[in-house]
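Enquirer: Would you mind keeping the following structure in view while I ask a few things?
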């Protein structure tokens, strides 16, 4: 009986009894979800272009953030540091295309996947060698990102809003809109969609696969940089940040591996869902449910809607 | 001919290796983690430890004329890497193992009696190792997690009383983080407080917003943290964000370092933490490390290391090992000692006020005397508070609730021994 009450009555009574806490959970979940969505976006871009799950995407987030901080510490002004990181990522995208992707074109998807696993560990080793293992503080204040917070009184309590969180949500929305326009309205974007549909057909109409790959990896780097700045500002920048990056996996399963809007919707579902579940149903399970909640939902999708909410339904003719 | 040359080469190499293993330096390996999510703290630990022993080599030519060979083995704070490090020293006559991780300690604890090499887990590791009769080869001077938790509860009691208080316990979901939970379980009914647990998985160390929403829901009077690495600054930032009063938030001694609060600065003002060593560079031992090691550049640490919480604690850890080596040399009459001799040293050193002054640690740490029965020592901790830029000591040493802690330690030690058939114990006079 206690269990049933704990599942069906107590959580809802708490939501009604403390509505400000409920709205706080929704807002915090929204912000986390947006940031999960941003990480997932990096995966989606590369998956669309090459059909491979880029295992290295989370470490790109760490690399971008650490490089940005290092340039700044070397005396480079903050926004020039951003430009330098972007240049660095273009160079990295070019190298990856030249040294890995070009050699592996038309090979099995698993081989491409394993190449990104190898790439991930190479970047971890190189980054630890270059930047050291110590966590660093993000330079978001120097970049002009507002900090501080305000309280919105509500139902006798209040909901706290961090300006940093609001900035993260706004920037994420702008980035998503820009990427949407880029891929739907530009020649390169249409090329990407053609490549995503069929490599051979895209090549036959003169689309440069190599150029598309460089651009996509570069754009994934841009997304990694934005993600790194905001996640890094919320905690510190350390190699542990890449672990959060893998939260994108259930997001992708829910939203679909090939859908930009799916990454965002999936991110929000996970972000909000895990907060609500942890706070109201977590105590029944000894707390700490946030760690597996996302994967539990993802497993449900794999069983009943494996292509995700917005992913392409794969139909293979026999 | 070729075969003969190869055989001769192998024989000479073996001879050199064997000689290297048996004679010469005092080998003190240390497991470190300069990379990974706990690197900020691990680096300070490693630097202080290595720098102190390097200083003894530079200033005194080692201990009683024998050089100390301090070797780092990187674990990334991972238990399996720690076991690899441990195994790599088999047969090389390491004097003592310093795992710097409770998880690693638990993995190698059973190997120590077999290899006859003691393990020193200063202020961490298995609390039950405090009972020397059950754990002849493990030491956790100068205090254990059980004792520390009782000291923190005593501090809370001195501030608001414990009765009817609600305490939230946020901890790294690991052997280390779970270690003091039995103390809360046992003392909650006795003192009339309630508590709730907030485990933080390692992968969520930088993503704690759900935990702090739960804190907001539960409205605890006090929060206690058993964190490490990036979990610490993230928790303090999340507490600030959720408007939790920081002067009601107490971290244990691994959750209250300069690396944890430094980046937060003024915003972290009020946060408290336990510790068993003072900060600052005024102590002669710290000055000698600066003079003989840091200023000479024969270190991995920068000038910001000496004087900080974790760096000074690591100096103390190394100093205790050095004193145990010296004691072992004096007792056995040998200059080149073994792990077995070292164990004797760890049970017989005397670091009283006079000796601490001689070593340059007076005022930085409490006196401690090695013992066969008590591998924990004094067990006291004091509370420090972050003032926005540095830690400030705000209490005198708070003794643990000795009767309660000792009873629990005895019970936990007996439990460990009964779970490990054939466990080696000793009888103390």
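Chains as they are written, first to last, in the working numbering: chain A, 875 to 1192; chain B, 14 to 442.
Cβ coordinates follow ideal geometry from the N, Cα and C atoms, glycine included.
Small disclaimer: the values here were computed from a predicted structure and weren't measured.
(1) Whose CA, out of B:279, B:176, B:223, B:74, lies closest to the CA of residue 208 of chain B?
(2) Please state the DSSP three-state secondary structure of residue 271 of chain B.
(3) With DSSP as the reference, label residue 396 of chain B as helix, strand or coil.
(4) Spatial neighbours of residue 152 of chain B within its chain, please: C-beta separation below 6 Å, excluding the five flanking residues on both sides.
(5) Within this structure, are the beta carbons of residue 399 of chain B and residue 197 of chain B separated by less than 8 Å?
(6) Identify the residues that DSSP records as bridge partners of residue 411 of chain B: which are they?
(7) Per DSSP, what are the beta-bridge partners of residue 237 of chain B in this structure?
(8) Could you pull the start and end residues of the beta strand (DSSP E) that residue 286 of chain B belongs to?
(9) Give the straight-line distance between the Cα atoms of residue 424 of chain B and residue 936 of chain A, rounded to the nearest whole angstrom.
(10) Rounded to whole angstroms, how far is the Cβ of residue 325 of chain B from the Cβ of residue 61 of chain B, which I believe are closer than 8 Å?
(11) Does the CB of residue 31 of chain B have a neighbour CB from chain A at under 8 Å?
(12) At the level of alpha carbons, what is the spacing between residue 193 of chain B and residue 1105 of chain A?
(13) For the alpha helix (DSSP H) holding residue 1082 of chain A, just list the boundary residues, first then last.
(14) For residue 44 of chain B and residue 88 of chain B, which I take to be in contact (beta-carbon distance under 8 Å), what is that distance rounded to the nearest angstrom?
(15) Our contact map puts residue 1101 of chain A next to residue 912 of chain A with C-beta atoms below 8 Å; I'd like the distance itself, whole angstroms only.
(16) Please confirm whether residue 890 of chain A has its beta-carbon closer than 8 Å to some beta-carbon of chain B.
(17) Which residues, taken in chain order from the stretch 216-228 of chain B, show a beta carbon closer than 7 Å to some beta carbon of chain A?
(18) Threshold first: 4 residues or longer. Then list the alpha helix (DSSP H) segments lying entirely within the stretch 974-1026 of chain A, N to C.
(19) Shortest alpha-carbon distance to residue 1001 of chain A belongs to which of A:1164, A:1071, A:944, A:1175?
(20) Can you give, in chain order, each stretch of the alpha helix (DSSP H) that sits fully within the stretch 152-237 of chain B and has at least 4 residues?
(21) Under 8 Å by Cβ, that's how I've got residue 1065 of chain A and residue 1081 of chain A pegged, so tell me the actual separation to the nearest angstrom.
(22) Just curious, the beta strand (DSSP E) that residue 1035 of chain A is in, first and last residue?
(23) So what's residue 82 of chain B in DSSP terms, helix, strand or just coil?
(24) Please state the DSSP three-state secondary structure of residue 144 of chain B.
(25) Residue 49 of chain B versus chain A: which residues are under 7 Å apart at the beta carbon?
(26) With DSSP collapsed to three states, give me the class of residue 350 of chain B.
(27) Distance, Cα to Cα, residue 922 of chain A vs residue 909 of chain A?
(28) Under 8 Å: do the stretch 411-424 of chain B and the stretch 162-170 of chain B share three or more Cβ pairs, one atom per stretch?
(29) Any beta carbon of chain A sitting closer than 8 Å to that of residue 276 of chain B?
(30) Rounded to whole angstroms, what is the Cα-Cα separation between residue 213 of chain B and residue 1111 of chain A?
(31) With 9 Å as the C-beta to C-beta threshold (strictly closer), list the residues of the stretch 181-196 of chain B near chain A in chain order.
(32) Kindly list, in the order they appear in chain A, the residues whose Cβ is closer than 7 Å to that of residue 214 of chain B.
(33) Which residue marks the beginning of the alpha helix (DSSP H) containing residue 1194 of chain A, and which one marks its end?
(34) Which class does residue 48 of chain B belong to by DSSP, given the choice of helix, strand or coil?
Expert: In this structure, then:
(1) Ranking the options by Cα distance to residue 208 of chain B, first place goes to B:176.
(2) Three-state DSSP puts residue 271 of chain B in a helix.
(3) It is a strand residue.
(4) Beyond the five residues adjoining it in sequence on each side, residue 152 of chain B comes within less than 6 Å, by CB distance, of 133, 359, 388 in the same chain, given in chain order.
(5) Taking C-beta atoms as the reference points, residue 399 of chain B and residue 197 of chain B fail to come closer than 8 Å.
(6) Looking at the DSSP assignment, residue 411 of chain B forms a beta bridge with B:394.
(7) Partner(s): B:182, B:263.
(8) Here the beta strand (DSSP E) through residue 286 of chain B covers 285-288.
(9) Take the alpha-carbon of residue 424 of chain B and the one of residue 936 of chain A: they are about 45 Å apart.
(10) At roughly 7 Å, the Cβ-Cβ gap stays under 8 Å, so residue 325 of chain B and residue 61 of chain B are in contact.
(11) Summary for residue 31 of chain B: the model assigns pLDDT 41, below 50, so the residue's position carries little reliability; its value from the coordinates is reported in the next sentence. Answer no: the Cβ-Cβ gap between residue 31 of chain B and chain A never drops below 8 Å.
(12) Cα to Cα, the separation comes out at about 31 Å.
(13) Looking at the DSSP string, residue 1082 of chain A is not in any alpha helix (DSSP H), and its letter there is neither H nor E.
(14) The Cβ separation is near 5 Å, so the contact holds.
(15) The distance from the Cβ of residue 1101 of chain A to that of residue 912 of chain A is about 5 Å, consistent with a contact at the 8 Å cut-off.
(16) No, no contact with chain B.
(17) Answer in chain order: 216, 217, 218, 219, 220, 222, 223, 226, 227.
(18) Correct list: 983-1005.
(19) Checking every option, the nearest Cα to that of residue 1001 of chain A belongs to A:944.
(20) Whole alpha helix (DSSP H) segments, 4+ residues: 158-173, 188-191, 194-204, 222-231.
(21) Residue 1065 of chain A to residue 1081 of chain A, Cβ: 5 Å. Contact.
(22) Taken as a continuous stretch (DSSP letters only), the beta strand (DSSP E) holding residue 1035 of chain A covers 1031-1036.
(23) Note: residue 82 of chain B maps to strand in three-state DSSP.
(24) Residue 144 of chain B carries a strand assignment under DSSP once its states are collapsed to helix, strand and coil.
(25) Per Cβ cutoff of 7 Å: 1007, 1113.
(26) If DSSP states are grouped into helix, strand and coil, residue 350 of chain B belongs with coil.
(27) Between residue 922 of chain A and residue 909 of chain A, the C-alpha separation is close to 20 Å.
(28) Yes, they touch.
(29) So yes, residue 276 of chain B belongs to the interface.
(30) Looking at the two C-alpha atoms, the distance is approximately 18 Å.
(31) Within the stretch 181-196 of chain B, the residues whose Cβ lies closer than 9 Å to some Cβ of chain A are 186, listed in chain order.
(32) Result: 1162, 1165.
(33) Here chain A covers residues 875 to 1192 and nothing more, so residue 1194 of chain A does not appear.
(34) Residue 48 of chain B: coil per DSSP, three-state reduction.
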